[in-house]
Each structure stands twice: as C-alpha cells, then as structure tokens.
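First the structure, in the form of structure tokens, and then the observations on it.
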Ligand SMILES: [Zn+2]
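Numbering (the numbering used here), first residue to last: 20 to 306.
What follows is the structure in structure tokens.
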C-alpha cells in the first residue's frame, strides 16, 4: 500500500490478539474509540482486551496511524450491523477507530464531561453541543485536522489498493439506534466525496430522485415578485446560487418531487440549478 504521498504523520504496526478468518472487504466502517485521548491508550486496549474487540486501524489525535489487523482478515469492530440488507458487517468491512471521547455532558464553567469522568475545556478541545436524529443530544469533541487528513489518506490508499471496496460509512449508519459513532462533527460526506471521487453526494441524491424533462423544454419564470431563486440543490437550505428575473424563459433539464414539492433543474446564466416548479408557466407562444 502506497502511503508516501499522503499526509499521515507516522504509521506503525501493533498486532491485535483477536481476529478471524479471511474477508473480502467491500466497506469501510468508521468509529470513535469513546476513550481517553492519551496516545496509545485506546490502541493498547483494542490490541488486547477481554471483550475480544479488535479493529484494523486506529487513528490517534496527532494523526498517527496504527494498524492492528491485516485488511483481508476479519476484525470485531461493528457487532450487530447491517449494510443495505447485508448483515454482520465484520464479515465484509475494514474498521477504522478514531480517538475521540464520544458523547459528553455539560459540566459547567465551560467544561464537558466524558463517560470516563474526565472533563475537557470546551474551547481548548473544540467541543460543541449538537443534537441530531442519529445521535440524540450531546456535547461532542471535534476531530483534529490531523485525524481528518489521516482518515482521508488512509481511505484513499485502501480504495487504491483493494478493488472490492465500494463505500465508506460510519458505525451509526450500519448499527442505527444502537451506536452513535462517529460523532455529529465528523465530516463524513466531504471525505466520501473526496475518496470516492464523486461529485457532492447531494448532487447524486438529486440526480437519482429526478428524471429528464419530457415534452416542452422551455418554461417561463412566473413569480409574483421580481425574481426567482435558483438553488444548488432542490431544498430550502441556504444554497441560493442565482436569482432569475421574472418572465425569463429557461430550458428545463430535469424535474422531480422533493419533500412533496415539484422542482426543476434549469439552465440560466451559464449554470445549472434548481427552482420551485410552482413559480413557472408554460411558455407563451408569440402570436
Ligand atoms: Zn463503533
């Protein structure tokens, strides 16, 4: 595996005690250690513990990387899990544990408390209070830029070297309701986009849920105001990329229903974007 051109601080080997037979990995599962931050603390536990837990890679806070199980051998990192109907992810995935304390609670005076009772300064450690559907409420510590760089470099190298790999997901994704790692601050989609070499996943989702326009290719912008927002994605998140003047005729590229509302992907001002179809009219033919 060629790691040289990637930004991994150091890479070392520390053999795990518990691992199984041969696997043909198709998935990478990302985890948090939910552990102390001291270098080697989580790695030593993962290499040798009574719970028979093991993992292929551990990423320390400073970005250094430790491999503990060969990528073609089964490690015990995901437990009860399911990826798109395929159960038991340990049988077909590579696990990467990222050192992080996991869910914390407010400890007052600008501190957050971990499950192992250590308190961390919220500002020093970049800790944020976040609630998501997948994680619930918590105080979460940001990953270090070094960790993100190493995870990105490692995933890139794994994808380059293992042709059976197809996707990168998190433990909460394959064990929903049971696990919450990685935490809500983890930039999963950015890493997926970079490593998988795809466009923004939001673009892919929009593409999948829409279809090519049939029939009349031009529509006319018909707002009750003066301009209609054109958006990067078919949603009302802050994603406006242009405002099309009322009365403008625009070619429609795709159309689809998003959150119960019809949207159209149109071309205007040299770029493509999404508009709400309710604010368009069939083009009036010149008489
Ligand atoms: Zn996990």
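We put the CB at the ideal spot given by N, CA and C, even for glycine.
Look at residue i and residue j and say whether their C-beta atoms are less than 8 Å apart.
i, j, result
"residue 100", "residue 214", "no"
"residue 44", "residue 267", "no"
"residue 299", "residue 241", "yes"
"residue 42", "residue 111", "yes"
"residue 187", "residue 276", "no"
"residue 166", "residue 85", "no"
"residue 272", "residue 291", "yes"
"residue 74", "residue 96", "yes"
"residue 28", "residue 83", "yes"
"residue 49", "residue 189", "yes"
"residue 81", "residue 116", "no"
"residue 52", "residue 118", "yes"
"residue 88", "residue 126", "no"
"residue 157", "residue 122", "yes"
"residue 253", "residue 225", "yes"
"residue 124", "residue 130", "no"
"residue 280", "residue 259", "no"
Opposite residue i in the DSSP bridges: which residues?
i, result
"residue 17", "Outside the shown range of the chain (20 to 306) lies residue 17, about which nothing can therefore be said."
"residue 47", "113, 187"
"residue 105", "102"
"residue 30", "84"
"residue 228", "The partner list for residue 228 (beta bridge, DSSP) is empty, contrary to what the question assumes."
"residue 69", "DSSP, once it has assigned bridges, lists no residue as partnering residue 69."
"residue 156", "150"
Starting from residue i and walking both ways along the beta strand (DSSP E), at which residues does that stretch end?
i, result
"residue 282", "280-287"
"residue 116", "112-117"
"residue 127", "124-127"
"residue 208", "From DSSP, residue 208 is part of no beta strand (DSSP E) but of the alpha helix (DSSP H) over 207-215."
"residue 274", "268-277"
Taking the alpha carbon of residue i as the point to measure from, which residue in the options has its own alpha carbon closest?
i, options, result
"residue 204", "148, 70, 57", "148"
"residue 134", "69, 55, 86", "55"
"residue 195", "65, 285, 108, 91", "108"
"residue 286", "301, 254, 236", "236"
"residue 77", "279, 69, 113", "113"
"residue 202", "191, 208, 72", "191"
"residue 91", "226, 145, 40, 164", "40"
"residue 223", "233, 208, 232", "208"
"residue 245", "238, 232, 265", "265"
"residue 162", "140, 138, 146", "146"
"residue 282", "178, 243, 238", "238"
"residue 160", "62, 177, 140", "140"
"residue 142", "154, 136, 155, 128", "128"
"residue 274", "229, 130, 258", "229"
What are the boundary residues of the alpha helix (DSSP H) that residue i is part of?
i, result
"residue 178", "164-180"
"residue 65", "60-66"
"residue 335", "The displayed coordinates of the chain run from 20 to 306. Any statement about residue 335 would go beyond what the structure contains."
"residue 77", "Segment 76-78 is the beta strand (DSSP E) holding residue 77; no alpha helix (DSSP H) there."
"residue 89", "No alpha helix (DSSP H) contains residue 89, which DSSP labels as neither H nor E."
Residues near ligand 1, CB to any non-hydrogen atom under 6 Å, in chain order? So the residues near ligand 1 by this Cβ test are 50, 190, 198, 200.
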